[in-house]
Amino acid sequence: MRPRRVTRTSVVCGALLTVAVTTFVWIGAVGAYRKAVDLRDHGLVTTADVREVHRLGDDSYVRVRFDTTDGTGVETDVYDFRADPEPVEGGTMRVRYAPADPVHHVQDARLGPDFLDVWLRALGGAALLAFGTVLVVASWGLVGDE
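Residue numbers for the sequence shown follow the working numbering, so the first one is 516 and each next one is one higher.
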């Protein structure tokens with residue numbers, strides 16, 4: 516009979532790795548939630564000048580420059596934008612930004628806050644944790660003497 520190769524250490528490490536990766540995914544979900552709520556509850560709409568348009572498929576973005584209500588000039592990249600009609604360099608577009616963090620919390624004003632990203636990250640983390648738990652519980656029965 517072939518000897519068992521599963522050790523307690525490998526199962527425990529698998530469990531810890533599952534918990535660690537799930538934690539990082541959920542931290543991302545919390546960050547996405549904060550951004551969506553900040554844009555929904557405190558977002559201000561302004562007109563921005565389109566500096567550059569980068570068409571990279573799913574990673575496309577638009578570099579814009581706008582002034583906040585307190586007069587601060589902000590140049591940032593907008594990844595969350597609508598492609599119809601597509602922004603053009605030298606043109607303008609309406610953006611929604613959060614006054615607390617206008618560089619990172621900015622999006623096309625035609626879109627609503629992205630709570631889908633929050634749900635996908637939260638459910639993805641839950642699915643990962645469930646899969647890891649099943650894998651650890653199933654592997655625990657295969658642990659041989661060390």
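Using N, Cα and C, we set each Cβ at its ideal position, and we do this for glycine too. Only a predicted model underlies this, so the values are computations on that prediction, with no experimental measurement involved.
Per DSSP, what kind of secondary structure is residue i in: helix, strand or coil?
i: ASP564; result: strand
i: ASP556; result: helix
i: TYR594; result: coil
i: ARG520; result: coil
i: ARG570; result: coil
i: ARG609; result: strand
i: ARG625; result: coil
i: LEU657; result: coil
i: ASP599; result: coil
For residue i, list the residues DSSP reports as bridge partners.
i: HIS619; result: According to DSSP, HIS619 bridges with nothing at all.
i: PHE581; result: VAL589
i: GLU576; result: A quick correction: the sequence has Tyr, not Glu, at residue 576. Answer is HIS569.
By a C-beta neighbour count over all protein chains shown, 10 Å radius and 16 as the cutoff for buried, is residue i buried or exposed?
i: LEU554; result: buried
i: GLY606; result: exposed
i: PHE596; result: buried
i: VAL593; result: buried
i: PHE581; result: buried
i: VAL610; result: buried
i: PRO600; result: exposed
i: ALA653; result: exposed
i: ALA642; result: exposed
i: VAL633; result: buried
i: ALA544; result: buried
What number of angstroms, rounded off, separates the C-alpha of residue i from the C-alpha of residue j?
i: THR537; j: VAL649; result: 14 Å
i: ASP574; j: VAL526; result: 37 Å
i: ARG570; j: VAL579; result: 14 Å
i: VAL577; j: VAL603; result: 9 Å
i: ALA547; j: GLY627; result: 13 Å
Decide if the segment 637-646 is in contact with the segment 556-572; the criterion is three or more beta carbon pairs, one per stretch, under 8 Å apart. no
Would you be able to state if there are at least three C-beta pairs under 8 Å between the segment 613-626 and the segment 530-537? no
Can you confirm whether the segment 582-599 touches the segment 611-618 when touching is taken to mean that 3 or more C-beta pairs between the two stretches lie within less than 8 Å? yes
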